[in-house]
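Worksheet: one structure, shown below.
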């Protein structure tokens with residue numbers, strides 16, 4: 004008995020109600036009947052004593068059931084071990100359009116933030132990481148170490164991709180993800196894509212690639228339908244071959260189509276975690292869940308409580324009353340599955356799936372448009388929810404329609420729908436709260452547009468000021484050159500006059516004064532040489548001053564540009580911190596990790612054929 008124990012001893016608390024029942028029953032035994040015993044004896048009335056058989060039987064059955072639930076164990080047993088298997092691939096778009104600024108500070112930062120938020124939920128199974136632009140690259144093979152993936156995501160950017168500005172090739176990334184999972188022995192799995200858009204040609208290639216397979220693709224759209232210019236790291240706006248500024252816009256329809264055809268889920272990026280939650284609900288548990296490990300056996304406590312079922316069944320036979328056998332037969336009577344299905348309507352089955360959070364399957368079975376729209380909304384199919392709820396006039400459906408419009412990016416339509424609801428139902432607090440959120444989102448969009456407009460205007464003014472400064476410098480230099488030429492001509496004229504004067508004087512001199520005048524001429528020549536040296540020295544000093552002035556102007560202009568770049572960087576950092584404090588965790592790490600990752604990608608690029616240009620080549 005040394006090994007005897009109870010696996011679940013807390014079940015013995017269920018004996019407390021039994022003890023209370025016994026105490027109450029014993030108290031009732033001391034109360035007499037309505038007629039005194041001696042009077043009843045004289046009248047020939049004999050009182051029947053209460054039997055205690057039922058109470059004793061109930062107590063024994065109750066105790067046996069409680070003991071069985073407590074799990075009496077007399078030893079151990081060997082059981083095979085099981086392990087969770089399955090795989091998923093995180094695919095990240097690294098095309099240059101990720102530098103668009105419709106999300107603050109840009110799409111790239113927000114995509115990294117969302118990817119890092121996904122990793123802690125993927126504790127079961129293995130996860131790999133693939134990045135793509137115009138070609139696809141393996142960043143990390145399948146691993147269970149989320150910290151490694153976190154560090155790699157931090158250093159990803161379009162600048163380390165081997166082929167920059169060549170568009171995006173999602174089909175290549177999907178192909179590489181499938182091949183990676185197949186090499187690991189998986190025939191099904193999840194592919195989670197973070198992208199800011201899919202072209203029509205890529206949509207056709209991806210759907211043809213996964214048609215009829217068990218690979219499930221879920222997508223998170225990073226961007227807005229209005230879009231924004233693409234600001235490169237050097238501060239310039241990206242332009243196409245014609246010199247026109249590129250505005251990157253997100254079309255959610257291709258994302259939704261791929262998710263629907265592969266039984267995945269598509270979400271647009273949100274300021275809260277609702278987009279992450281929708282993807283996690285589908286991908287948290289791998290498609291291939293449990294595999295038996297025949298090589299490893301685990302010793303675990305054996306539960307011998309099932310032996311108490313035999314006395315419980317025997318004692319329960321004495322509790323049978325009229326009609327009990329018939330009820331038992333009705334419970335155990337087999338019912339044909341087709342008959343059961345006829346008893347349950349499609350809406351009932353769909354509601355069961357809805358309660359089990361299988362929203363996509365429920366939306367396909369619901370006949371009620373109200374419930375169908377609610378299920379489509381929960382499944383992330385906002386466009387389908389809008390179609391289902393548009394013709395319904397009840398308040399709940401109209402409220403759900405407004406929510407679907409907001410989630411689908413149709414903020415103006417959602418605002419009008421909320422205002423219409425509040426006019427008919429002023430006390431609808433949820434609609435008022437959502438309306439405030441939509442108004443803030445619209446204000447943010449307008450502010451972003453105004454900031455971009457002001458920024459373009461400032462850049463234009465800076466260019467104009469720079470041109471004016473250059474013209475001014477050129478005119479100053481021309482003026483200095485003219486002054487120098489004028490001084491040289493004056494000096495030459497003076498020298499000529501002096502020579503003519505000397506010549507006339509020498510002709511008029513007498514022979515007797517010739518020696519004296521020769522000495523005077525020698526002194527004048529020395530004076531002229533000295534004046535010439537002084538003039539040359541002045542010209543050198545003036546030239547040096549002009550050179551120093553030009554250098555000072557160049558240094559001032561260089562310092563001004565550095566100050567502007569620093570101000571822009573400080574503004575970007577400020578926007579990132581004020582948008583969401585959690586964005587601080589996306590600070591760039593050291594250059595060594597970045598260079599190692601760049602080298603890894605370039606090594607893979609050398610082993611691949613150069614990619615072809617796409618329709619989004621910039």
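In the numbering used here, the protein residues as written are 4 to 621.
The C-beta atom is built at its ideal place from N, Cα and C for all residues, glycine as well.
6 Å CB neighbourhood of residue i in its chain, flanking five on each side removed
i, result
"residue 418", "441"
"residue 430", "none"
"residue 196", "94, 222"
"residue 607", "140"
Backbone secondary structure at residue i - three-state DSSP
i, result
"residue 147", "coil"
"residue 23", "helix"
"residue 125", "coil"
"residue 366", "helix"
"residue 214", "coil"
"residue 339", "At residue 339 the pLDDT is 43, less than 50, meaning the model places this residue with poor confidence and gives no usable figure here."
"residue 225", "coil"
"residue 377", "helix"
"residue 360", "coil"
"residue 254", "coil"
"residue 231", "strand"
"residue 614", "coil"
"residue 278", "helix"
"residue 93", "strand"
"residue 400", "helix"
"residue 193", "strand"
Cutoff 8 Å; reference residue i; Cβ partners in own chain excluding five residues on either side
i, result
"residue 252", "200, 226, 227, 228, 229, 230"
"residue 91", "125, 128, 129, 130, 131, 192, 193, 194, 195, 286, 289"
"residue 312", "71"
Residue of the options minimising C-alpha distance to residue i
i, options, result
"residue 94", "7, 77, 60, 183", "183"
"residue 158", "610, 600, 403, 556", "600"
"residue 161", "216, 102, 209", "102"
"residue 265", "216, 224, 284, 257", "216"
"residue 189", "259, 76, 15, 89", "89"
"residue 420", "432, 402, 433", "402"
"residue 255", "271, 248, 247, 456", "271"
"residue 65", "14, 114, 152", "14"
"residue 147", "106, 560, 133, 123", "123"
"residue 454", "106, 133, 562, 96", "106"
"residue 18", "29, 30, 63", "63"
"residue 465", "560, 439, 400, 218", "560"
"residue 273", "304, 409, 170", "409"
"residue 416", "150, 277, 389", "389"
"residue 267", "284, 305, 352", "284"
Cα-Cα separation between residue i and residue j, rounded to whole angstroms
i, j, result
"residue 6", "residue 72", "18 Å"
"residue 118", "residue 407", "24 Å"
"residue 598", "residue 552", "42 Å"
"residue 382", "residue 362", "5 Å"
"residue 317", "residue 69", "16 Å"
"residue 309", "residue 320", "18 Å"
"residue 263", "residue 602", "37 Å"
"residue 287", "residue 205", "27 Å"
"residue 586", "residue 436", "Because the pLDDT of residue 586 is 38, which lies under 50, any placement of that residue in the model is unreliable, and the number read from its coordinates should be weighed accordingly. So the two alpha carbons sit approximately 26 Å from each other."
"residue 176", "residue 614", "13 Å"
"residue 411", "residue 108", "22 Å"
"residue 424", "residue 394", "15 Å"
"residue 281", "residue 8", "44 Å"
"residue 372", "residue 220", "27 Å"
"residue 143", "residue 450", "39 Å"
"residue 535", "residue 238", "54 Å"
"residue 80", "residue 11", "17 Å"
"residue 458", "residue 104", "12 Å"
"residue 258", "residue 462", "36 Å"
"residue 269", "residue 186", "27 Å"
"residue 539", "residue 533", "10 Å"
"residue 113", "residue 612", "31 Å"
"residue 25", "residue 58", "8 Å"
"residue 357", "residue 23", "42 Å"
"residue 378", "residue 75", "46 Å"
Other residues of its chain near residue i: CB distance less than 7 Å, five sequence neighbours each side excluded
i, result
"residue 444", "414"
"residue 250", "230, 231, 232"
"residue 375", "366, 369, 391"
"residue 212", "174, 177, 178"
"residue 209", "173, 174, 177, 261"
Paired residues, beta bridge with residue i - DSSP
i, result
"residue 80", "303"
"residue 219", "193"
"residue 198", "224"
"residue 242", "248"
"residue 130", "91, 146"
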